[in-house]
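Shown next, in C-alpha cells, is the structure this report addresses.
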Amino acid sequence: GNSVTQMEGPVTLSEEAFLTINCTYTATGYPSLFWYVQYPGEGLQLLLKATKADDKGSNKGFEATYRKETTSFHLEKGSVQVSDSAVYFCALRTQGAQKLVFGQGTRLTINP
Amino acid sequence: DTEVTQTPKHLVMGMTNKKSLKCEQHMGHRAMYWYKQKAKKPPELMFVYSYEKLSINESVPSRFSPECPNSSLLNLHLHALQPEDSALYLCASSQLWELEDTQYFGPGTRLTVL
Numbered sequence: 031g032n033s034v035t036q037m038e039g040p041v042t043l044s045e046e047a048f049l050t051i052n053c054t055y056t057a058t059g060y061p062s063l064f065w066y067v068q069y070p071g072e073g074l075q076l077l078l079k080a081t082k083a084d085d086k087g088s089n090k091g092f093e094a095t096y097r098k099e100t101t102s103f104h105l106e107k108g109s110v111q112v113s114d115s116a117v118y119f120c121a122l123r124t125q126g127a128q129k130l131v132f133g134q135g136t137r138l139t140i141n142p
Numbered sequence: 006d007t008e009v010t011q012t013p014k015h016l017v018m019g020m021t022n023k024k025s026l027k028c029e030q031h032m033g034h035r036a037m038y039w040y041k042q043k044a045k046k047p048p049e050l051m052f053v054y055s056y057e058k059l060s061i062n063e064s065v066p067s068r069f070s071p072e073c074p075n076s077s078l079l080n081l082h083l084h085a086l087q088p089e090d091s092a093l094y095l096c097a098s099s100q101l102w103e104l105e106d107t108q109y110f111g112p113g114t115r116l117t118v119l
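Same order as they appear, the protein sequences are chains F and W. Adding 30 to a residue's 1-based position in the first sequence gives its number in the numbering used here. Adding 5 to a residue's 1-based position in the second sequence gives its number in the numbering used here.
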C-alpha cells in the first residue's frame with residue numbers, strides 16, 4: 031500500500047539554524063507530494079507541493095525537491111525562526127485518488 | 006484566496022445531544038472532505054463529497070452523518086457521540102483536478118464530548 035515515513039520528532043533547534051525534516055514514501059505510480067504545517071491550535075496549512083519528479087516546491091523560505099530515485103521529499107530551510115515552531119506533515123496523493131496519505135508528523139520547536 | 010471556514014471553533018456536547026459542524030468554501034472547489042484528528046496524530050479521512058455526492062465513506066460510525074446542501078457548504082451532523090469522539094474535526098476542499106489537485110484545510114472545530 032501507499033505510505034509516508036517522516037523522521038521522528040520532536041526536533042529542537044536554535045533560531046537561524048538549518049532545518050531538514052526527512053520524508054520518504056512508498057506509492058504506486060507517480061504521486062503528488064505535499065508538506066502541510068499545523069501551528070498550535072490551528073488547522074493544516076499547505077506549505078508547498080510538487081507533482082512530478084525533480085519538481086521543487088518552495089514557500090516562505092522552505093523548499094522540498096521531489097526525488098523519484100530515492101522516493102524522498104525532504105523539507106529544508108536555511109535559517110529557521112521561532113515562528114516556524116509547528117508540526118509538519120508530509121503527505122502524498124496518488125493519481126486518481128482523493129485520499130491524502132499522511133506521515134506521522136514532526137513537531138519542530140525553535141528556541142530564541 | 007484559499008480560505009475554508011468552519012463553525013463553531015469549539016463545541017462541548019453531552020452524549021445525548023445533537024449538534025452540527027459547518028464548513029464553507031467559496032473557491033469553486035468541487036470536492037469537500039471531513040477529517041478527524043486526535044492529539045499528536047495526523048488527520049484521518051472520514052468522508053468525501055464530489056460534485057455534491059458522497060463519494061467516500063471511510064467506514065465511519067452512523068452517529069456521524071455528513072450532508073452537502075450545495076457545492077459551497079458541508080455539514081457534519083453529530084448524534085449520540087462517545088467521549089472517544091473528542092477530537093479536532095477538519096474540513097477541506099479541492100478542485101478535483103486530476104494531476105494538480107490540492108486540498109485546502111479549514112481551521113477546524115475542536116469537539117469535546119462529555
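The C-beta atom is built at its ideal place from N, Cα and C for all residues, glycine as well. Here the structure is a predicted model, which means the values were calculated and not measured.
Beta-carbon neighbours of residue i, restricted to chain W and to distances below 7 Å
i        : result
F/Phe119 : Pro47
Alpha-carbon spacing of residue i relative to residue j, whole angstroms
i        : j        : result
W/Leu104 : F/Thr35  : 23 Å
W/Cys73  : W/Tyr56  : 9 Å
F/Ala47  : W/Phe110 : 29 Å
F/Thr139 : W/Lys45  : 14 Å
F/Ala80  : F/Leu63  : 5 Å
W/Lys41  : W/Thr107 : 18 Å
W/Thr10  : W/Phe52  : 17 Å
W/Lys58  : W/Tyr38  : 11 Å
Within chain F, the residues that residue i reaches when beta carbons sit closer than 8 Å
i        : result
W/Leu112 : This sequence places Pro at residue 112 of chain W; Leu is not what is there. Near W/Pro112 (Cβ distances below 8 Å), the residues of chain F are Glu72, Gly73.
Residue of the options minimising C-alpha distance to residue i
i        : options                              : result
W/Gly113 : W/Ala85, W/Leu26, W/Asp106, W/Leu101 : W/Leu26
F/Lys82  : F/Val112, F/Glu99, F/Tyr66, F/Leu43  : F/Glu99
F/Leu76  : F/Tyr60, F/Gly59, F/Ala94            : F/Ala94
F/Thr58  : F/Ala116, F/Gly31, F/Ser115          : F/Gly31
F/Tyr69  : F/Asn89, F/Ala116, F/Tyr55, F/Leu130 : F/Ala116
The ligand COA heavy atom lying under 8 Å from the CB of residue i
i        : result
F/Gln134 : Only the bare structure without any ligand can be found here, which leaves the ligand COA out of the picture.
Buried or exposed by the 16-neighbour rule on C-beta atoms within 10 Å, applied to residue i
i        : result
W/Gln87  : exposed
W/Ser98  : buried
W/Pro47  : buried
F/Val67  : buried
W/Pro66  : exposed
W/His15  : exposed
F/Gly133 : buried
F/Gln111 : exposed
W/His34  : buried
Partners in chain F for residue i, counting only beta-carbon separations shorter than 9 Å
i       : result
W/Ala44 : Those within 9 Å of W/Ala44 in chain F number zero; the least Cβ separation is about 11 Å.
W/Thr50 : According to the sequence shown, residue 50 of chain W is Leu rather than Thr. Per Cβ cutoff of 9 Å: Gln128, Lys129, Leu130.
W/Ala36 : Gln128
W/Leu95 : Gly73, Leu74
Beta-carbon gap between residue i and residue j smaller than 9 Å
i        : j        : result
F/Phe119 : F/Leu74  : yes
F/Gly87  : F/Gly108 : no
F/Gly39  : F/Thr136 : yes
W/Tyr94  : W/Arg68  : no
W/Leu81  : W/Ala36  : no
W/Met20  : W/Val118 : yes
F/Leu105 : F/Thr50  : yes
Beta-carbon neighbours of residue i, restricted to chain F and to distances below 7 Å
i        : result
W/Gln108 : Leu130
W/Val53  : Gln128
Partner residues on chain W for residue i, Cβ-Cβ distance less than 9 Å
i       : result
F/Lys79 : Glu105, Thr107
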